[in-house]
Amino acid sequence: MSELLVTGGAGFIGSNFVHYVLANTDHTVTVLDKLSYAGNLASLDGLPSDRFRFVKGDIADAELVDPLVERSDAVVHYAAESHNDNSLHDPRPFLDTNIIGSYTLLEAVRRHGTRFHHISTDEVYGDLELDDPARFTESTPYNPSSPYSSTKAASDLLVRAWVRSFGVEATISNCSNNYGPYQHVEKFIPRQITNVLRGERPKLYGTGENVRDWIHADDHSSAVLTILERGAIGETYLIGADGEKNNRDTVELILELLGQPRDAYDHVNDRPGHDMRYAIDSSKLRDELGWAPRYADFRSGMESTIAWYRDNEGWWAPQKDATEARYREQGQ
269 MSELLVTGGA GFIGSNFVHY VLANTDHTVT VLDKLSYAGN LASLDGLPSD
319 RFRFVKGDIA DAELVDPLVE RSDAVVHYAA ESHNDNSLHD PRPFLDTNII
369 GSYTLLEAVR RHGTRFHHIS TDEVYGDLEL DDPARFTEST PYNPSSPYSS
419 TKAASDLLVR AWVRSFGVEA TISNCSNNYG PYQHVEKFIP RQITNVLRGE
469 RPKLYGTGEN VRDWIHADDH SSAVLTILER GAIGETYLIG ADGEKNNRDT
519 VELILELLGQ PRDAYDHVND RPGHDMRYAI DSSKLRDELG WAPRYADFRS
569 GMESTIAWYR DNEGWWAPQK DATEARYREQ GQ
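Written out as structure tokens, the structure is:
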């Protein structure tokens with residue numbers, strides 16, 4: 269049994285990872301989360317009290333971070349400011365959390381010789397043309413296009429430098445877009461699902477041609493655990509489930525699965541610098557570490573996700589009105 273420190277564990281993919289680990293291993297988990305607007309303690313309800321504890325705090329607080337890292341066998345670093353629209357409105361929190369926070373954790377694991385896994389995004393690679401057959405690989409040059417993706421790229425480079433310069437035992441994973449339970453309703457898929465559940469029309473940026481490579485959060489969690497247990501120190505692994513769908517097709521699938529006409533959505537203003545296409549080549553992870561996704565079929569994963577939001581309105585309803593008010597101000 270190992271003691272894991274999971275930063276950002278009250279957020280979307282972090283909380284899914286905590287649930288996955290506690291259900292599928294005998295590890296114990298400490299979550300460190302400052303509970304910003306995207307963190308939600310309700311996402312951690314029902315976890316076993318003998319194997320889980322929660323600490324409220326900022327990953328940039330070195331005095332708080334150090335003893336937590338000292339008592340842990342490994343740190344899994346999910347904590348990040350991650351919403352592109354917010355980064356365009358106010359970039360500063362993204363520098364504070366994604367760069368300074370990651371630096372603070374790296375210094376702590378350096379002092380204590382603690383295993384470190386860093387969660388990143390495919391957005392550090394920029395975007396691909398819609399007709400480009402290529403996919404991102406571990407050797408794709410970084411080309412971030414937003415304050416969010418550029419600060420994640422910076423944190424990736426810090427991890428690589430701390431491995432090479434100081435011998436920190438770290439790995440990195442860059443993942444495609446996640447969907448599943450516990451995702452804030454500001455994000456694309458849960459926003460559309462909860463709109464339909466409330467009898468409102470989904471909203472589609474621009475023409476909806478932008479393509480994302482979707483992966484269910486449970487599959488992301490299983491991949492991260494695989495890398496933590498079997499990944500080679502200093503290596504980067506791309507996590508994807510071959511789930512390329514454009515935004516229009518995704519909205520239309522949500523409407524279909526909820527029994528609505530596939531064209532019952534509204535077009536809204538596109539956001540500045542909206543990347544056109546992401547696509548992940550996860551063959552290194554699959555071939556070297558033997559990982560494979562459970563939800564290889566996007567439709568079945570979406571059915572499961574819609575069922576969760578239908579059954580858990582008490583979790584998402586408190587966020588919904590404020591989120592939609594903010595989008596209306598932006599014409600979106």
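Take the sequence shown: its position 104, counting from 1, is numbered 372 in the numbering used here, and each next residue is one higher. Ideal placement from N, C-alpha and C gives every residue a C-beta, glycine not left out. Just so we're clear, the structure is a prediction, and the values are computed from it rather than from any experiment.
Starting from residue i, trace the alpha helix (DSSP H) in both directions and tell me its first and last residue.
i	result
residue 566	566-579
residue 552	551-557
residue 514	Segment 512-514 is the beta strand (DSSP E) holding residue 514; no alpha helix (DSSP H) there.
residue 463	456-465
Along the chain, where does the beta strand (DSSP E) that runs through residue i open and close?
i	result
residue 342	342-345
residue 297	296-301
residue 250	It is not possible to answer for residue 250, since the shown part of the chain is limited to 269 through 600.
residue 271	271-275
residue 493	It is not in any beta strand (DSSP E) - residue 493 instead sits in the alpha helix (DSSP H) that spans 485-498.
residue 473	471-473
residue 334	No beta strand (DSSP E) holds residue 334; the alpha helix (DSSP H) holding it covers 330-338.
residue 404	First-last for residue 404: undefined, no H or E at that position.
residue 212	In the structure displayed, the chain extends from 269 to 600; residue 212 sits before or after that span and is not available.
Looking at the structure shown, is residue i part of a helix, part of a strand, or coil, going by DSSP?
i	result
residue 425	helix
residue 226	The chain is shown only over 269 to 600; residue 226 falls outside these bounds and no answer can be derived.
residue 507	strand
residue 546	coil
residue 293	coil
residue 452	coil
residue 371	helix
residue 389	strand
residue 478	coil
residue 288	helix
residue 432	helix
residue 446	strand
Given a threshold of 16 other Cβ atoms within 10 Å of its Cβ, counted over all protein chains shown, does residue i qualify as buried or as exposed?
i	result
residue 339	exposed
residue 397	exposed
residue 486	buried
residue 318	exposed
residue 480	buried
residue 537	exposed
residue 314	exposed
residue 454	buried
residue 434	exposed
residue 551	exposed
residue 489	buried
residue 546	buried
residue 568	exposed
residue 509	buried
residue 381	exposed
Between the alpha carbons of residue i and residue j, how many angstroms are there, rounded?
i	j	result
residue 300	residue 292	21 Å
residue 312	residue 290	11 Å
residue 333	residue 390	27 Å
residue 303	residue 309	8 Å
residue 586	residue 598	21 Å
residue 438	residue 272	14 Å
residue 256	residue 421	Outside the shown range of the chain (269 to 600) lies residue 256, about which nothing can therefore be said.
residue 385	residue 376	13 Å
residue 274	residue 372	14 Å
residue 361	residue 343	22 Å
residue 470	residue 401	30 Å
residue 513	residue 589	28 Å
residue 457	residue 363	26 Å
residue 374	residue 499	18 Å
residue 425	residue 491	21 Å
residue 475	residue 516	7 Å
residue 418	residue 591	25 Å
residue 297	residue 399	43 Å
residue 285	residue 277	8 Å
residue 403	residue 393	10 Å
residue 346	residue 440	11 Å
Hey, out of the options, whose CA is closest to residue i's CA?
i	options	result
residue 472	325, 532, 399	532
residue 349	307, 503, 316	307
residue 238	501, 448, 336	There is no way to answer for residue 238, as the model of the chain reaches only from 269 to 600.
residue 583	342, 522, 274, 450	450
residue 452	495, 596, 375, 580	580
residue 566	461, 483, 426	483
residue 570	277, 552, 585, 526	526
residue 529	410, 468, 377	468
residue 408	282, 335, 549	549
residue 542	371, 415, 327, 321	415
residue 294	274, 283, 320	320
residue 405	442, 381, 373	442
residue 505	387, 576, 276	387
residue 534	578, 560, 463	463
residue 507	555, 575, 544, 576	555
residue 557	563, 524, 496, 578	496
residue 461	524, 595, 593	524
residue 427	574, 502, 459	502
residue 324	430, 279, 316	279
Less than 8 Å separating the Cβ of residue i from some heavy atom of the ligand NAD?
i	result
residue 457	Looking for the ligand NAD in the displayed structure turns up nothing, as the structure carries no ligands at all.
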